[in-house]
Each structure stands twice: as C-alpha cells, then as structure tokens.
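J.:
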Amino acid sequence: MDRDIDLKKKTLEDLRYIAKMLGIKGISRARKNELIQIILEYTKQNGTSDEKNAQDMSLPESSMQKSEAEEDMKQNNEKKTTDNNAKDDNEKHAEKVEEEEQQQHNLQYVPKDAASEDEEVEASSEKKDGGDGDVLDLPLQQREAEKGTEQTKDSEMDSADKDNKETVEEKKEEKALPEEEGSKLDVKEDEESQEKAGGNQKEYKRPNNYPPAFEKIESDDPVGGVLEVLPDGYGFLRSDNYLSGTKDIYVSPSQIRRFNLKTGDMIIGKGRIPKEGEKFQALLYVQSVNGESPEVAAKRVPFENLTPIYPNERITLEVGPRELAMRLIDFIAPIGKGQRGMIVAPPKAGKTVLLKKIANSISINYPDIELIVLLIDERPEEVTDMQRSIKGEVVYSTFDEVPEHHIKVAEMVLERAQRLVEHKKDVVILLDSITRLARAYNLTIPPTGRTLSGGLDPGALHKPKRFFGAARNIENGGSLTILATALIETGSRMDDVIFEEFKGTGNMELHLDRRLSEKRIFPAIDINKSGTRKEELLLSQKELETVWAIRKAMSNQGTAEVTETLINRLMATKSNEEFFNNIMNAFDR
Numbered sequence: 014m015d016r017d018i019d020l021k022k023k024t025l026e027d028l029r030y031i032a033k034m035l036g037i038k039g040i041s042r043a044r045k046n047e048l049i050q051i052i053l054e055y056t057k058q059n060g061t062s063d064e065k066n067a068q069d070m071s072l073p074e075s076s077m078q079k080s081e082a083e084e085d086m087k088q089n090n091e092k093k094t095t096d097n098n099a100k101d102d103n104e105k106h107a108e109k110v111e112e113e114e115q116q117q118h119n120l121q122y123v124p125k126d127a128a129s130e131d132e133e134v135e136a137s138s139e140k141k142d143g144g145d146g147d148v149l150d151l152p153l154q155q156r157e158a159e160k161g162t163e164q165t166k167d168s169e170m171d172s173a174d175k176d177n178k179e180t181v182e183e184k185k186e187e188k189a190l191p192e193e194e195g196s197k198l199d200v201k202e203d204e205e206s207q208e209k210a211g212g213n214q215k216e217y218k219r220p221n222n223y224p225p226a227f228e229k230i231e232s233d234d235p236v237g238g239v240l241e242v243l244p245d246g247y248g249f250l251r252s253d254n255y256l257s258g259t260k261d262i263y264v265s266p267s268q269i270r271r272f273n274l275k276t277g278d279m280i281i282g283k284g285r286i287p288k289e290g291e292k293f294q295a296l297l298y299v300q301s302v303n304g305e306s307p308e309v310a311a312k313r314v315p316f317e318n319l320t321p322i323y324p325n326e327r328i329t330l331e332v333g334p335r336e337l338a339m340r341l342i343d344f345i346a347p348i349g350k351g352q353r354g355m356i357v358a359p360p361k362a363g364k365t366v367l368l369k370k371i372a373n374s375i376s377i378n379y380p381d382i383e384l385i386v387l388l389i390d391e392r393p394e395e396v397t398d399m400q401r402s403i404k405g406e407v408v409y410s411t412f413d414e415v416p417e418h419h420i421k422v423a424e425m426v427l428e429r430a431q432r433l434v435e436h437k438k439d440v441v442i443l444l445d446s447i448t449r450l451a452r453a454y455n456l457t458i459p460p461t462g463r464t465l466s467g468g469l470d471p472g473a474l475h476k477p478k479r480f481f482g483a484a485r486n487i488e489n490g491g492s493l494t495i496l497a498t499a500l501i502e503t504g505s506r507m508d509d510v511i512f513e514e515f516k517g518t519g520n521m522e523l524h525l526d527r528r529l530s531e532k533r534i535f536p537a538i539d540i541n542k543s544g545t546r547k548e549e550l551l552l553s554q555k556e557l558e559t560v561w562a563i564r565k566a567m568s569n570q571g572t573a574e575v576t577e578t579l580i581n582r583l584m585a586t587k588s589n590e591e592f593f594n595n596i597m598n599a600f601d602r
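Sequence positions in the sequence shown follow my numbering and run 14 to 602.
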C-alpha cells in the first residue's frame, strides 16, 4: 500500500520514466492509474530486487529536476492550456525556440477561427510529415525546419535525456487529442486538413462559425382550425371535434382584435414553428376567415343584430321515387331555409334513420348549404355510421363523455353556425337530441332552488332554448336551420317536461308514431300531428290546395290508415308532381 501511495504521488512523466527504466514497453497511451498498475504487477513478478531498482531509479529523476526546471514549467503550462488544444513546444535549448513559442502563444489570442486554423494546419503537417507543404505559410515552414534541426540535436543527448524527450513527445501527441473526443477529433482534423488543401480555408470556415442572419420561423404547410376565444383574450384554433388537443394553434389577442375574430371562425393562415419549451404553434398571419378575406370579417354585422324573418325559401328533400319519407315531408311538413323544426319521436321509431336521409337529401340537392350533424349523448356506433353515411360535418359527444363535454361541443357548433350566417351563408344543423342536451345542462348549472316535475331545474332550459332559438331566416341573406329531435314516451317525466317546454318554440313539427313502426309502416309519420307554420310561404298554390284537400278528406280516419293510404299513393307515382296531379283529378271527378 505504501508503494502504491508513493507511485500515486508521481506525475505521469515520472511514471513513464520509471517504466522505461524497468524495461516496460507499450506505455505511450497508458494513463496514470494504468501505469501504476503495470509497474506494480511488473515488480511483483520480478521480485524485490527490481523494486529497489525501481525506487532507486526515481532518484536520478530528482537529480534531474534542477537541470530540467524550465522543461517542467513548460510542461505545466501545457497542462493549463489543454482545453484550448494549444501545442506549445517543450524544447529548452535555443533562443529561437523560445521566440517561436512566444509567437505561438500570441497566436492563441487572435480570433478563434484563425487560431484554430493554424493549429489544424500544424497538426496535419505533423501527421503527414510535410506532405501538405503547399498549404502552410512561410513562418510555419521555418518552424518545422527548426524543429527538425532541434530534434537532430536532441538525438545526441545521453540516454536519460533521450528517454525523457520521448515521454515529452508522447505527451504532445496525447495533448493534441482531447481525452473526451479521442479518435473522433483525429478524423475531424484529417478531413479539415483535406478541405484546407483545396485552398481558401478561411472563406469556407467562417460562414459556419457564425449564426445565420435569418432563421426560418414560418411553417411550410398552412395551419387552420375553428377559433375558440378564451376569457383572457387569447384563443386557440381547434381541429379535432372542436375540442382542445395537441395540434391546436395559439392566436394572440392583438390578432383577435385587429380582424374582429370570434369564437367559431374558421381561420386559415401561416404558423410559427414552436420554439424550445413551447407546446403549441402560434399563428403568424391570417390568410382567410370563413373562406373570405380578413377585411370582410372585420366589417361583418354581429349575428344578434341581424333581422329574422319567416322562412320563405323551400328546401326540397325529394331525390328519387323510392325515398317516400322525403317526398312525404315535402308537402306534409315542408322545410324552409331558417326553419326551427322539431322531430318528436319515441324510442325505436326511426328518428336517426330519418335524420340520415334528410342529411343526404340536403347534401345532394343543395351542395352549397353548410351541413352540420350534432350528435349528443348518442352511441359510438351511431356516430361511425353517420360519419360514413353523409357528406356533411359530424360533430359528436357520445354517452360515455361527461356532461361538460356535451355542452362545450354544442356551444362550439352554435358559434360556428352563427359565424357562417354572418357571412350570408345558409347553414343546417341536425341535432340529436335536444332532450339529452337539456339533461346535460341540468347536471352542470348551479341549482336555482326551484325544481320542476321530474327533477328538472328551470334554469337548465335557458341554454338549450338559446341554441334552438338561434335558428332563423335572415333578411338580405343567410339562414340558420335547426332540426332537433325531442324524445317522448321514454318513461322519464323529465323528458316529457322538456318536450312540453320546447313545444311552442318551433315553427315546424314532425311527429313519429311507434305504433306505425311496430306495424312496419315506414316512414312512421303521424300525418295529423305534423305540420309547418306559415306553410303558404313555402308551397305553391296548387300544392297548398292539394294538401288541404288531403287533410280534410282523411281527418276522420286513424293515424295508421292515413299514413298507409298516402304511402300507397306515393308508391304508385314517380314524383310529387305526378302525385298532386292524380289527387286533383280524383277530387275533380
């Protein structure tokens, strides 16, 4: 242990000198700890006599310290400058060598590029033994020549000095290679020396050492989404189902104020690439708002200030002779642009299938109408079926989601529709169902202290009525049509109360009858209970007279008989026009 401690106190050069005197070879790349281990193992194998020799051999080293004081100081300087990869010469004899060392020391304080280039040229010249002489400038060539003469002088020294010089040479080679990089730096220096051999090394090196003047901050692809403005003034562009996600785009308050942006606006623009530590992209500039220029959005009239009127333009659902439900709705309960319609249906009466057919008819006959199907508290398989069956936009919140999720989705859809109406576009929302939306509000609002029968809080009906009441036909362009389903005969008193509260708010009602569906009479529409307010604005005079005649003639019959008779008459004709002609001819007789 004492011998081990003594060896650890020695420097790396002393250990190499001891190893050489012992005759140990292959130690030029060994580190200090490795050298100590090698010396200890060697002395154990060769006995105590060699140990004494090894300790005696350390004595000449102490006697040589005075004669080599300058060299030790230079070696200490080399240790201090290893981080900068300096290559100070360690020779001690001539004044020229000291001057050269002073010049090389001064080169370390020039700009980093020039110093590193000179060092790399010097390293490449040592490895290639002057093979790249064309690249080196004149002072470097003189230095190499002087070093060669000094090495010849050093070769005439005694054996101890030769061994010491060899250790210094080996240490130089190690200092030229940083311990952390190892062989990687060696390869890098070779590549850089090859590039310098091609000429103009400074012109190629400096552009890489300085940061570029302009950094790319704009994303290549345009970004877009439906804007949701938060209470703090900023907003996000939502993409997936109008809800927050990882792909949202941040919109600053200044952009929202400048372009008069609101919740529900579809915005297309350019985004900024997220910086380090940022979670979302940011919107750099706006290209379009709801398909139009941002200047148009800044001057639009708010939805609340638009003038509502009765629907006066009809939405024809008839698409073929086999779609009997659509043909029947066209004259029993016609739908106009801006209609506020309610489809009253018990369970298993075919309301979802009816909504799907209405959506397909609108997308076929009126491709310019913006169609949104909103499914609240529905089954996931119905959502998938609806997405695959229609061409419009399907926004959903299934029954396994929390009530807050239902409410947020519904409010985002309403805001989206209002923004489109402000741009004078026609929008149709098919809601399934408004009963479940009212149930969600009943679970989330603060209790008012009053309760209707069935456990319904009166305050829970305000927001659903606001949603349903947004349907309107706008004077001088634009309309919002909402067809919502209301559930009855579910066994829940709350559902009946919700239907009664909404009963007088709509201007069109379509009743489905479970008894008809049980008899396999489709569509299961109750003709006597279904109808539209101000239907004279939607039907022609001929159609209006025919409908009145049908209702008068069949008023005494039962629901099933009336519906079955009309369906049979419709099946016998190819269009509603032909059906009206046949009915009028029958009454004329």
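Ideal Cβ positions, reconstructed from N, Cα and C, are used throughout, including at glycine.
Quick one: grab the DSSP three-state call for GLN352.
T.: Translated into positions along the sequence shown, residue 352 becomes position 339. It is coil, neither helix nor strand.
J.: Who are the Cβ neighbours of LYS350 in its own chain at under 7 Å, not counting the five residues just before and after it?
T.: Looking up residue 350 in the sequence shown gives position 337. Once the five neighbours on either side are set aside, the close Cβ partners of LYS350 are PRO324, GLU326, ILE328, ASP439, ASN486, SER492, THR494.
J.: Tell me the rounded alpha-carbon separation between ARG506 and ARG449.
T.: Here residue 506 refers to the residue found at position 493 when the sequence shown is read from its first residue. Here residue 449 refers to the residue found at position 436 when the sequence shown is read from its first residue. Distance between the alpha carbons of ARG506 and ARG449: 13 Å.
J.: Let me check understanding here. Comparing Cα to Cα, which of ILE580, VAL239, PRO460, LEU297 lies closest to LYS283?
T.: Indexing the sequence shown from 1 puts residue 283 at position 270. Measuring from the Cα of LYS283, the nearest candidate turns out to be LEU297.
J.: Jot down the residue ranges of each uninterrupted alpha helix (DSSP H) in the stretch 411-451, minimum 4 residues, whole runs only, in chain order.
T.: For the stretch 411-451, whole alpha helix (DSSP H) runs of length 4 or above, ordered along the chain, are 416-435.
J.: For ARG271, which of ARG452, ALA310, LEU388, ASN254 has the nearest alpha-carbon?
T.: For the purposes of this step, residue 271 is identified with residue 258 of the sequence shown, where counting begins at 1. Closest by alpha carbon: ALA310.
J.: Return the CA-CA distance between PRO471 and PRO287, expressed in angstroms with no decimal places.
T.: Counting from 1 along the sequence shown, the entry for residue 471 is found at position 458. Counting from 1 along the sequence shown, the entry for residue 287 is found at position 274. PRO471 and PRO287: Cα-Cα distance of roughly 47 Å.
J.: Identify, in the order they occur along the chain, each residue of the same chain with its Cβ nearer than 7 Å to the Cβ of ASN213, setting aside the five sequence neighbours on each side.
T.: Taking the sequence shown and counting its residues from 1, the one referred to as residue 213 is at position 200. Reliability of the predicted coordinates at ASN213 is poor, the pLDDT of 41 falling under 50, and no value is obtained from them.
J.: Would you kindly check if the distance between the Cβ of ALA372 and the Cβ of GLY405 is under 7 Å?
T.: The residue labelled residue 405 in the question sits at position 392 within the sequence shown. The residue labelled residue 372 in the question sits at position 359 within the sequence shown. Yes. Within cutoff.
J.: Can you look up GLN58 in the DSSP assignment and give me helix, strand or coil?
T.: Here residue 58 is taken as the residue at index 45 of the sequence shown, counted from 1. In the structure shown, GLN58 sits in a helix (DSSP, three-state: H, G or I).
J.: Give me the residue from LEU433, LEU444, LYS23 with the minimum Cα distance to VAL407.
T.: Start at 1 with the first residue of the sequence shown, and residue 407 comes out as number 394. Minimum Cα distance to VAL407 is reached at LEU444.
J.: Candidates VAL575, ILE538, GLU590: which alpha carbon is nearest GLN554's?
T.: The residue labelled residue 554 in the question sits at position 541 within the sequence shown. Out of VAL575, ILE538, GLU590, GLU590 has the C-alpha closest to the C-alpha of GLN554.
J.: What beta strand (DSSP E) runs, 3 residues minimum, are completely inside the stretch 272-331?
T.: Segments of the beta strand (DSSP E) lying fully in the stretch 272-331: 279-285, 294-302.
J.: Can you tell me where the alpha helix (DSSP H) with SER609 in it begins and where it stops?
T.: Given a span of 14 to 602 for the chain in the structure shown, any question on residue 609 remains unanswerable.
J.: Which word fits GLY277, buried or exposed, when buried means at least 16 other C-beta atoms lie within 10 angstroms of its C-beta?
T.: Translated into positions along the sequence shown, residue 277 becomes position 264. Under this definition GLY277 is a buried residue.
J.: Starting from MET507, trace the alpha helix (DSSP H) in both directions and tell me its first and last residue.
T.: Taking the first residue of the sequence shown as position 1, residue 507 is located at position 494. From DSSP, the alpha helix (DSSP H) with MET507 extends over 506-515.
J.: Looking only at C-alpha atoms, which of ARG392, VAL426, GLN400 sits nearest to GLU414?
T.: What you label residue 414 is simply residue 401 of the sequence shown in a count that begins at 1. Here the closest residue by C-alpha is ARG392.
J.: Just mark VAL314 as buried or exposed, buried being the case when its beta carbon has 16 or more other beta carbons within 10 Å.
T.: Translated into the one-based positions of the sequence shown, residue 314 becomes position 301. The residue in question, VAL314, is exposed, as its Cβ has fewer than 16 Cβ neighbours within 10 Å.
J.: By Cβ distance below 8 Å, which residues in the same chain neighbour ALA599 in space, the five residues on each side in sequence not counted?
T.: Position 586 of the sequence shown, counted from the first residue, corresponds to residue 599. For ALA599, where only same-chain residues beyond five positions count, there are no Cβ hits under 8 Å.
J.: Looking at C-beta atoms only, is the number of pairs between the stretch 375-388 and the stretch 572-588 that lie closer than 8 Å three or more?
T.: Taking 8 Å as the limit for Cβ pairs, the verdict is that the stretch 572-588 does not touch the stretch 375-388.
J.: Can you say whether PHE316 is buried or exposed, counting buried as having 16 or more other CB atoms within 10 angstroms of its CB?
T.: To locate residue 316, count along the sequence shown from 1; it is residue 303. Label assigned to PHE316: buried.
J.: Here's a check: name, in chain order, each residue in its chain whose Cβ is nearer than 6 Å to the Cβ of PRO334, leaving out the five neighbours to either side.
T.: As a working mapping, residue 334 is identified with position 321 in the sequence shown. These residues qualify, in order along the chain: LYS587.
J.: Report yes if the C-beta distance between THR559 and PRO347 is below 7 Å; otherwise report no.
T.: Locating residue 559 in the sequence shown gives position 546, counting from the first residue. Locating residue 347 in the sequence shown gives position 334, counting from the first residue. No, Cβ-Cβ distance for THR559 and PRO347 is not below 7 Å.
J.: So the candidates are PHE481, THR411, GLU435, GLU308; which of them puts its Cα closest to the Cα of MET355?
T.: Position 342 of the sequence shown holds residue 355. Of PHE481, THR411, GLU435, GLU308, the residue nearest in Cα terms is PHE481.
J.: Output the distance between the C-alpha atoms of LYS215 and ILE230, rounded to the nearest integer angstrom.
T.: What you label residue 215 is simply residue 202 of the sequence shown in a count that begins at 1. What you label residue 230 is simply residue 217 of the sequence shown in a count that begins at 1. Because the pLDDT at LYS215 is just 40, under 50, the model does not fix this residue reliably, and the value given afterwards should be weighed accordingly. Answer to the nearest angstrom: the Cα atoms are 29 Å apart.
J.: Flag this pair as yes or no: are the beta carbons of LEU274 and LEU240 separated by less than 7 Å?
T.: In the sequence shown, the residue the question calls residue 274 occupies position 261. In the sequence shown, the residue the question calls residue 240 occupies position 227. Yes; because the gap between Cβ atoms is below 7 Å, this pair is in contact.
J.: LEU384 and SER446: beta carbons closer than 7 Å?
T.: Start at 1 with the first residue of the sequence shown, and residue 384 comes out as number 371. Start at 1 with the first residue of the sequence shown, and residue 446 comes out as number 433. Cβ atoms of LEU384 and SER446: not closer than 7 Å.
J.: Does DSSP classify THR457 as helix, strand or coil?
T.: Residue 457 sits at position 444 when you count from the first residue of the sequence shown. Reduced to three states, the DSSP call for THR457 is helix.
J.: Under 8 Å by Cβ, that's how I've got LEU48 and ALA32 pegged, so tell me the actual separation to the nearest angstrom.
T.: Here residue 48 corresponds to residue number 35 of the sequence shown, with the count starting at 1. Here residue 32 corresponds to residue number 19 of the sequence shown, with the count starting at 1. About 6 Å; that satisfies the 8 Å criterion.
J.: What residue range is occupied by the uninterrupted alpha helix (DSSP H) comprising TYR30?
T.: Numbered from its first residue, the sequence shown carries residue 30 at position 17. Element bounds for TYR30: 25-35.
J.: Once the 5 residues before and after THR411 are set aside, which same chain residues still bring their CB inside 8 Å of it?
T.: Here residue 411 refers to the residue found at position 398 when the sequence shown is read from its first residue. Same-chain partners within the cutoff: LEU388, ASP390, GLU391, ARG392, PRO393, VAL396.
J.: Taking buried to mean at least 16 other C-beta atoms within 10 Å of its own C-beta, is HIS475 buried or exposed?
T.: Counting from one through the sequence shown, the residue named residue 475 turns up at place 462. Under this definition HIS475 is an exposed residue.
J.: Would you kindly report the start and end of the unbroken beta strand (DSSP E) that includes ALA499?
T.: What you label residue 499 is simply residue 486 of the sequence shown in a count that begins at 1. Start and end: 492-500.
J.: Can you name the residues that DSSP bridges to PHE249?
T.: For this step, residue 249 is matched to residue 236 along the sequence shown. Looking at the DSSP assignment, PHE249 forms a beta bridge with GLU241, TYR263.
J.: If you follow the alpha helix (DSSP H) that LYS394 is in, where does it begin and where does it stop?
T.: Here the question's residue 394 lines up with position 381 in the sequence shown. Correcting the residue type first, residue 394 is Glu in the shown sequence and not Lys. Residues 393-402.
J.: Please tell me whether LEU427 and ALA483 are closer than 7 Å, where the distance is taken between their beta carbons.
T.: Position 414 of the sequence shown holds residue 427. Position 470 of the sequence shown holds residue 483. It is a contact, given that the beta carbons lie within the stated cut-off.
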